[in-house]
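Q: To start, I am sharing the structure in question, which I have written as structure tokens.
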Amino acid sequence: MRRVGEASCDWFKMFSNNDELRLDCLTELELYDMGGFENLGPLPRSLRTIKFHNTAGINPDDFKYLTHLTSLSITSMDGRSFVCQLPPSLLQLEMRETFFTTVQLEAENLRYLKL
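The sequence shown begins at 54 in the working numbering and counts up by one.
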């Protein structure tokens, strides 16, 4: 039996589209040191603020579906490219201590950027 959070647990996803498991009212999400996930699963579309610190399993393609997202903070991540289309609702983006090989963003209404 595997434990939740184990580094090799690609079978576990933190979020789900299953009606019984969805977090439709969640507006703020902060994840710290969640390195054991291969895939967080589909993020709740109700999110307005997200803070990821040293968290694995983030799929940048998922951000474009978060139509209420206004603030995104990513800290202490590295090792791969970060190429994504961000939703028009995003106004603030902060990326600190990130060591991506490539960063390419599309954010049409972004007002605040901190790198």
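Glycine residues also receive a C-beta, built at the ideal position from the N, C-alpha and C atoms. Computed from a predicted structure; not experimentally measured.
To which residues does DSSP link C137 through a beta bridge?
A: Here residue 137 is taken as the residue at index 84 of the sequence shown, counted from 1. Paired residues: L158.
Q: Assign D77 to one of three DSSP states: helix, strand, or coil.
A: Start at 1 with the first residue of the sequence shown, and residue 77 comes out as number 24. If DSSP states are grouped into helix, strand and coil, D77 belongs with coil.
Q: Roughly how many angstroms separate the alpha carbons of T80 and I127, rounded to a whole number?
A: The sequence position of residue 80 within the sequence shown is 27, counting from 1. The sequence position of residue 127 within the sequence shown is 74, counting from 1. Cα to Cα, the separation comes out at about 17 angstroms.
Q: From T154 to R75, what distance separates their C-alpha atoms?
A: The residue given as residue 154 occupies position 101 in the sequence shown. The residue given as residue 75 occupies position 22 in the sequence shown. Taking the straight line joining both Cα atoms gives about 33 angstroms.
Q: Count the other C-beta atoms from every protein chain shown that fall within 10 angstroms of the C-beta of L166, then say buried if there are 16 or more, exposed otherwise.
A: If you number the sequence shown from 1, residue 166 lands on position 113. It is exposed - the Cβ of L166 has fewer than 16 other Cβ atoms within 10 Å.
Q: Quick one, which of P97, D114, L82 and D86 has its alpha-carbon nearest F68's?
A: Counted from its first residue, the sequence shown places residue 68 at position 15. It is P97 whose Cα lies nearest to the Cα of F68.
Q: H121 to C137, Cα distance in whole Å?
A: Within the sequence shown, residue 121 is the residue found at index 68, counting from 1. Within the sequence shown, residue 137 is the residue found at index 84, counting from 1. In a straight line, the C-alpha of H121 is about 17 angstroms away from that of C137.
Q: Among residues of its own chain, excluding the 5 on either side of Q145, which ones have a beta-carbon nearer than 6 angstroms to its beta-carbon?
A: For the purposes of this step, residue 145 is taken as the residue at position 92 of the sequence shown. S124 and Y165.
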